[in-house]
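Undergrad: Supplied in structure tokens, the structure appears directly below.
In the working numbering, the protein residues as written are 15 to 218.
In structure tokens form, the structure reads like this:
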């Protein structure tokens, strides 16, 4: 018997996983995990609640699927912006400018999906807290590798602490995320980012 014929359990799912997760992303990004209802998600994702649960689990599990998708996309973009440009100052500037574009689109600006939603939920959702901690650690490591590369190329002093620089750079990114969500203009954020990069690279 063919278990994959129409009407059997082997039938493929009738939805585009990435598309429905992106729909959930917009709701979670604007309202957070706690502020988003299952009914709202069901309507936005165009999935009945039993189907939604079968595909992604409970609301927290769905949020974590969305978080992982967002992080994977941002990780790929960050890697390109940081490592395709050999000059450190230019690379860091492109990295922050790319973040500003994401954080300020659409309007009103929603900031960073990770830093502006997961930080709010971390206190009451241990799994989200672990996810957040991992995201921060992974970005620290990515930035440290880039700073190490620049140090070897003579773009940083021999005694530069690349891990500390990575943490400082990420703290700037967090500030950009919060300021964008608070309504600060792109022009102001870019000015702050340029100044911060010059300070890190010793160009001031």
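Backbone N, C-alpha and C define an ideal beta-carbon position, used for all residues, glycine too.
Is it the case that the region 110–122 contacts the region 191–208, given that we only count it when at least three CB pairs across the two stretches are under 8 Å?
TA: Flag = yes, the region 191–208 and the region 110–122 touch.
Undergrad: Using CA atoms only, rank isn't needed, just tell me which of 145, 122, 66 and 67 is closest to residue 83.
TA: Checked all of 145, 122, 66 and 67; the closest Cα to residue 83 is 145.
Undergrad: Less than 8 Å between C-beta atoms, sequence neighbours within five positions excluded: which residues of the same chain meet that for residue 215?
TA: For residue 215, where only same-chain residues beyond five positions count, the Cβ hits under 8 Å are 102, 103, 106, 169 and 170.
Undergrad: Which residue spans inside the region 106–191 form an unbroken alpha helix (DSSP H) run of at least 4?
TA: Taking only runs of at least 4 residues, the alpha helix (DSSP H) segments lying wholly in the region 106–191 are 140–166.
Undergrad: Just to confirm, are residue 74 and residue 47 a CB contact at a threshold of 8 Å?
TA: Yes; because the gap between Cβ atoms is below 8 Å, this pair is in contact.
Undergrad: Over the uninterrupted alpha helix (DSSP H) stretch that includes residue 28, give me the two end residues.
TA: Residue 28 -> no alpha helix (DSSP H), and no H or E assigned at all.
Undergrad: Mapping DSSP to helix, strand and coil, what is residue 20?
TA: Caution is warranted here: a pLDDT of 45 is assigned to residue 20, below 50, making its placement in the model unreliable, and the coordinate value is therefore given only provisionally. Of the three classes helix, strand and coil, the one that applies to residue 20 here is coil, per DSSP.
Undergrad: With a Cβ-Cβ cutoff of 8 Å, do residue 131 and residue 70 count as a contact?
TA: Contact: no.
Undergrad: When you compare each of 155, 115 and 175 to residue 202 by their alpha carbons, which one comes out closest?
TA: Of 155, 115 and 175, the residue nearest in Cα terms is 115.
Undergrad: How many Å lie between residue 57 and residue 197 at the Cα?
TA: When rounded, the distance between both Cα atoms is 29 Å.
Undergrad: Can you grab the Cα-Cα spacing for the pair residue 218 / residue 45, in whole Å?
TA: Unreliable placement is indicated for residue 218, whose pLDDT of 46 sits below 50; the coordinate value is still reported in the next sentence. Looking at the two C-alpha atoms, the distance is approximately 40 Å.
Undergrad: Under three-state DSSP, which class holds residue 99?
TA: In the structure shown, residue 99 sits in coil (DSSP, three-state: anything other than H, G, I, E or B).
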